[in-house]
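Novice: Mapping of the sequence shown onto the working numbering: position 379 corresponds to residue 379, and the numbering continues sequentially without gaps.
The C-beta atom is built at its ideal place from N, Cα and C for all residues, glycine as well.
Note that the coordinates shown come from a computational prediction; the quantities given were computed from them, not determined experimentally.
Quick one: the structure is below, and I'll ask about it shortly.
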Amino acid sequence: MPVASLLPFTVTPNRKSTSPTSFRLTEKFILLLVFSAFITLCFGAIFFLPDSSKLLSGVFFRSSSVEAETRTGTVSDTSTGTGSVYCSHSVLTRPFGRRHRSNRIWALTLLLVDVTGACCRLKDGNHSAGMMQFSWDNYKRYAWGSNELRPISKQGHSSNLFGSLKGATIVDALDTLYIMEMYDEFEAATEWVDRNLDFNMNAEISVFEVNIRFVGGLLSAYYLSGKEVFRRKAVELGEKLLPAFKTPTGVPWALLNLKSGIGRNWPWASGGSSILAEYGTLHLEFMHLGALSGRPVFAEKVMNIRKVLNRLDKPQGLYPNYLNPNSGQWGQHHVSVGGLGDSFYEYLLKAWLMSDKTDEEGKKLYYDALQAIEKNLIRKSSGGLTYIAEWKGGLLEHKMGHLTCFAGGMIALGTAYFYSFIRLTDTFIDEFDSMCVSGMKLGPEAFRFDGGVEAIATRQNEKYFILRPEVIETYMYMWRLTHDPKYRQWGWEAVQALEKYCRVDGGYSGVRDVYANSPNHDDVQQSFYLAETLKYLYLLFSDDDHLPFEHWVFNTEAHPLPVIKKQNPEIANQLK
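See the structure below:
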């Protein structure tokens with residue numbers, strides 16, 4: 001299946017020539033005629049060519065094992081027998097079409113969109129595909145089978161998030177390889193997964209990280225390619241994670257030994273509490289695990305988390321980051337839309353979208369949470385920048401983390417359906433670029449708005465950049481939803497910054513201080529750089545009908561999961 005994509009920013013070869021005045025008058029006239037014809041052709045294409053989705057055909061799955069099913073455009077939801085998960089190529093290429101006419105951010109004309117898009121295409125060539133090739137080739141050369149790459153040391157690397165589990169970069173990058181049509185590399189990764197990805201080990205892993213990277217990556221690879229090995233491995237790993245929910249409340253532990261099934265929480269987390277962004281970021285993957293395995297236990301586990309949260313009082317309508325899984329009570333009253341809280345809010349909105357907008361509870365929880373955030377956390381700095389502060393025991397800390405920068409995309413995506421947040425989208429996003437990036441055009445880990453400081457990291461442990469994707473993520477959503485050319489321009493500046501400051505001989509590395517005159521590299525190529533940062537860059541410069549929002553939802557690791565289409569309202573209710 002050839003994935004439809006724009007190739008913007010194609011750089012034409014540099015030609016040697018004499019000065020422009022050396023052209024004769026007849027040559028100038030001919031050039032003028034050619035240019036006029038080109039402009040006429042562009043305008044004709046804008047107004048008279050059919051929609052690109054109608055020009056594309058074929059089945060999205062490459063695997064013959066599911067070819068018969070995908071001819072109908074669906075794959076059966078095996079948990080119910082009557083639902084469907086849309087995965088066909090025709091669905092892949094249907095454009096996201098919702099616009100809110102009263103909002104000025106939707107007011108760009110189609111003419112402006114297409115003309116600026118054409119200019120961008122002359123400039124870039126989806127450079128991110130080349131960046132992906134360079135990242136992957138170096139990982140394969142120096143760290144194949146390891147979780148991550150040390151691009152300066154040119155060796156493998158692993159953190160304690162994965163225990164002795166291997167291959168994080170391989171699994172995390174599967175869908176990016178497929179989407180970018182790097183099929184040879186995808187087949188090599190598939191072979192590694194089939195032969196070497198093993199979950200039967202005495203390893204303590206982060207439930208959250210393994211879920212979003214491994215389970216999410218395997219699910220996405222299955223839906224994109226149709227290869228049974230990915231479905232089988234995803235369900236096997238999901239079953240290995242189920243013992244994490246063996247707590248008095250059913251709120252899962254943060255850490256789990258895959259062999260013994262014994263769980264615990266991070267010792268630093270407010271008296272042994274579970275963390276909002278960790279137990280609140282399982283919903284999308286577990287709903288799909290239930291659909292693919294036919295086992296309702298996956299959906300039951302994540303829906304029970306909602307029941308626990310619904311019983312609790314929320315201070316000012318906010319969700320504290322810590323919850324004790326034994327008592328079912330809040331821990332320290334620290335609220336953040338960045339680290340420790342971020343993806344919980346993201347998954348409320350996306351759970352509703354992934355359910356084909358049948359999960360009314362998820363929709364209401366998101367709406368209420370964002371109202372509380374707007375009222376209590378969103379502030380304007382002395383210089384006029386709108387930012388999202390953190391809340392500690394009733395007092396605001398005027399700090400915004402790099403992880404919070406995903407919220408621009410989340411709010412924009414929600415605004416397509418919740419019109420009351422349009423003003424918030426306008427004010428926050430218009431000031432976004434000046435907040436979330438530094439002079440290097442790489443964002444620090446956190447930046448502050450107090451003591452006369454305006455969006456600056458003041459502490460040394462906040463000045464680093466580890467190839468995070470959140471800023472690019474928001475650019476991608478905002479481009480898709482507005483077609484304002486500034487988001488592609490900002491994305492191109494990010495590409496240039498990554499190439500200038502993060503590219504090293506053996507891959508891409510984070511930097512320890514984004515304000516330094518020259519980069520001091522941390523020597524880690526994060527797996528999420530291939531899974532998220534490069535994928536979002538690729539989609540930013542691709543057609544809107546490439547993984548359209550109408551039919552795909554991205555998990556918090558940027559793994560696309562198809563919307564679960566329900567043909568029977570009673571079936572939809574069973575998944576609530």
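1) Restricting to Cα atoms, I'd like to know which of Asp544, Thr533, Glu557 and His521 is closest to Lys129.
2) Which same chain residues, not among the five before or five after Gly328, have their C-beta less than 7 Å away from its C-beta?
3) Grab me the residues of Ala234's own chain with a C-beta within less than 6 Å of its C-beta, minus the 5 sequence neighbours each way, in chain order.
4) How far does the alpha helix (DSSP H) with Ile456 in it reach, from first residue to last?
5) CB Phe549 to CB Arg480, shorter than 8 Å?
6) To the nearest angstrom, how far is the alpha carbon of Gly384 from that of Glu454?
7) In this structure, how does DSSP classify Ala299 when only helix, strand and coil are distinguished?
8) Go ahead and label Ile564 buried or exposed: buried means 16 or more other beta carbons lie within 10 angstroms of its beta carbon, across all protein chains shown.
9) How far does the alpha helix (DSSP H) with Arg231 in it extend, from its first residue to its last?
10) Would you mind working out which of Gln525, Asp137, Leu256 and Arg232 sits nearest Ser164, comparing C-alpha positions?
11) Kindly indicate the opening and closing residues of the beta strand (DSSP E) around Ile205.
12) So, at 7 Å on beta carbons, what are the nonlocal neighbours of Lys350 in its own chain, with the 5 sequence-adjacent residues on each side left out?
13) Start and end of the alpha helix (DSSP H) containing Phe554?
14) Would Ser527 pass as a contact of Ala168 if the rule is Cβ separation under 8 Å?
15) Pairing CB atoms from the stretch 269 to 288 with CB atoms from the stretch 334 to 348, are three or more of them under 8 Å?
16) I need the DSSP call for Ala446, collapsed to helix, strand or coil.
17) Specify the secondary structure class of Thr116 as computed by DSSP and reduced to three states.
18) If you follow the beta strand (DSSP E) that Leu396 is part of, which residue opens it and which one closes it?
19) So who's on the other strand from Ser274, going by DSSP bridges?
20) Leaving out five residues on either side along the sequence, give the residues of the same chain with a beta carbon under 8 Å from the beta carbon of Ile373.
21) Pull up the distance between the alpha-carbon of Val210 and that of Leu161, whole angstroms please.
22) Secondary structure at Leu256, three-state DSSP: helix, strand or coil?
23) Take Arg459 as the anchor and find which of Glu191, Ile472, Glu445 and Pro469 has the nearest alpha-carbon.
24) How would you write the range of the alpha helix (DSSP H) that His156 sits in, first residue to last?
25) Report the partner residues of Met400 according to the DSSP bridge assignment.
26) Would the stretch 363 to 371 and the stretch 385 to 404 be scored as touching if the rule is three or more Cβ pairs under 8 Å?
27) Relative to the C-alpha of Thr474, which candidate in Ala497, Leu537, Val514 and Ser438 has its C-alpha closest?
28) How would you label Leu395, buried or exposed, when you count the other beta carbons within 10 angstroms and need 16 or more for buried?
29) Given that a residue counts as buried once 16 or more other Cβ atoms are within 10 Å of its Cβ, and exposed if not, what is Pro252?
30) Does Ile305 come out as helix, strand or coil in the three-state DSSP assignment?
Specialist: From the atom records:
1) Checking the sequence shown, residue 129 turns out to be Ala, not Lys. Nearest of Asp544, Thr533, Glu557 and His521 to Ala129, Cα basis: Thr533.
2) Thr249 and Val308
3) Val215, Leu218 and Leu219
4) Unbroken run through Ile456: none, as it is neither H nor E.
5) yes
6) 10 Å
7) helix
8) buried
9) Glu228 to Leu241
10) Leu256
11) Glu204 to Ser206
12) Leu284 and Val553
13) Phe554 -> not in any alpha helix (DSSP H); beta strand (DSSP E) instead, spanning Trp552 to Phe554.
14) yes
15) yes
16) strand
17) Low confidence applies to Thr116: its pLDDT is 30, below 50, so where it sits in the model is not reliable enough to give any reading.
18) Leu395 to Glu397
19) Leu323
20) Leu318, Val337, Tyr345 and Ile388
21) 8 Å
22) strand
23) Glu445
24) Contrary to the premise, residue 156 reads as Gly rather than His in this sequence. Element bounds for Gly156: not the alpha helix (DSSP H) but the beta strand (DSSP E), Gln155 to His157.
25) Phe447
26) no
27) Leu537
28) exposed
29) buried
30) helix
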